[in-house]
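In the working numbering, the protein residues as written are 1475 to 1738.
Here's what the structure looks like:
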């Protein structure tokens, strides 16, 4: 009888641990279908970025760009908008560029995917088309913390400009966690007062997972700029495979206990 009790409580413990461990992380890398969206303006300012992507076989590139929140319409009834898009996007919505190599124009079809899998981007350097590798998990986590700490209170154009600069710095600076707006693989000029705010926010990125916004996803298109946005519905509609794996482990243990009990 004592052995049976041990089996039962072991199964219950594994079930609980699986649920707790799973709830600590985001969904695994995958696509969540497509959405038809249309850009209609930027809330923020402009800045000149200087990029040295020697780590990606790309050389210097300097360009003046919009810095801030990019605004979009979402068309849920368009045939290109999949069943999850209506849950993960609203109309209108704001997003932040994670792709300095391309532009956005008109109505486009985008893939909704995990943040670490963006940008899906091509740069043309010296007449040769080069693919820019996705940002990866470490940078995605720093963006999740940036959105979680500061992304919900961006009322002014200057704040949105500073936030957009932070997003670019995190995505393109190398190595990770050496963020400085004024130097490095990516640096920016022309930000004005937004520069100080951006640097303050970047200094606040500490790797504190309790501050992460797990609802930040990416919109990607190989021929257009990619964007990061906070989904209003990601927490309720995107499954977390880690959680499910933990729950399955617990369920499997409970079923094993039940089988052993029936055989006893």
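No residue lacks a Cβ here, since even glycine has one placed at the ideal position from N, Cα and C. Small disclaimer: the values here were computed from a predicted structure and weren't measured.
Three-pair Cβ contact test at 8 angstroms for the segment 1536–1545 versus the segment 1633–1643:
yes
Quick one: what's residue 1512 bridged to in DSSP?
As a first step, residue 1512 must be located in the chain shown, where it is residue number 38. Bridge partners of residue 1512: 1547 and 1581.
Give the secondary structure of residue 1638 by DSSP, where H, G and I count as helix, E and B as strand, and everything else as coil.
In the chain shown, the residue the question calls residue 1638 occupies position 164. Helix.
Distance between residue 1511 and residue 1582 (C-alpha atoms, nearest Å):
Here the question's residue 1582 lines up with position 108 in the chain shown. Here the question's residue 1511 lines up with position 37 in the chain shown. Near 6 angstroms, if we compare the C-alpha coordinates of residue 1511 and residue 1582.
For residue 1679 versus residue 1644, is the C-beta spacing smaller than 9 angstroms?
As a working mapping, residue 1679 is identified with position 205 in the chain shown. As a working mapping, residue 1644 is identified with position 170 in the chain shown. The beta carbons of residue 1679 and residue 1644 sit closer together than 9 angstroms.
Beta strand (DSSP E) containing residue 1704: first to last residue?
On the chain shown, position 230 is the one that residue 1704 refers to. Its beta strand (DSSP E) spans residues 1698–1704.
Counting only the same chain and skipping the five closest in sequence on each side, list residues whose C-beta sits under 6 angstroms from that of residue 1705.
Locating residue 1705 in the chain shown gives position 231, counting from the first residue. Setting aside the 5 residues that flank it on each side, residue 1705 is surrounded in the same chain by 1562, 1689 and 1691, each with a C-beta closer than 6 angstroms to its C-beta; the list follows chain order.
Thinking C-alpha only, which one of 1557, 1515, 1641 and 1547 is nearest residue 1508?
As a first step, residue 1508 is located in the chain shown; it is residue number 34 there, counting from the start. Comparing alpha carbon positions, the residue from 1557, 1515, 1641 and 1547 closest to residue 1508 is 1557.
Assumed close pair residue 1590, residue 1575 - CB separation to whole angstroms, cut-off 8 angstroms
Within the chain shown, the letter at position 116 stands for residue 1590. Within the chain shown, the letter at position 101 stands for residue 1575. About 18 angstroms separates the two Cβ atoms, so there is no contact after all.
Hey, would you say residue 1701 sits closer than 9 angstroms to residue 1573, going by beta carbons?
Translated into the one-based positions of the chain shown, residue 1701 becomes position 227. Translated into the one-based positions of the chain shown, residue 1573 becomes position 99. Yes.
So what's residue 1589 in DSSP terms, helix, strand or just coil?
To locate residue 1589, count along the chain shown from 1; it is residue 115. Helix, per DSSP.
Sheet register partners of residue 1567 (DSSP bridge)
Indexing the chain shown from 1 puts residue 1567 at position 93. Checking the DSSP bridge columns, you'll see residue 1567 partnered with 1546.
In three-state terms, what does DSSP make of residue 1629?
Numbered from 1 along the chain shown, position 155 holds the residue referred to as residue 1629. Residue state, collapsed to three classes: coil.
Do residue 1619 and residue 1570 come within 9 angstroms of each other at the CB atom, strictly closer than that value?
As a working mapping, residue 1570 is identified with position 96 in the chain shown. As a working mapping, residue 1619 is identified with position 145 in the chain shown. No.
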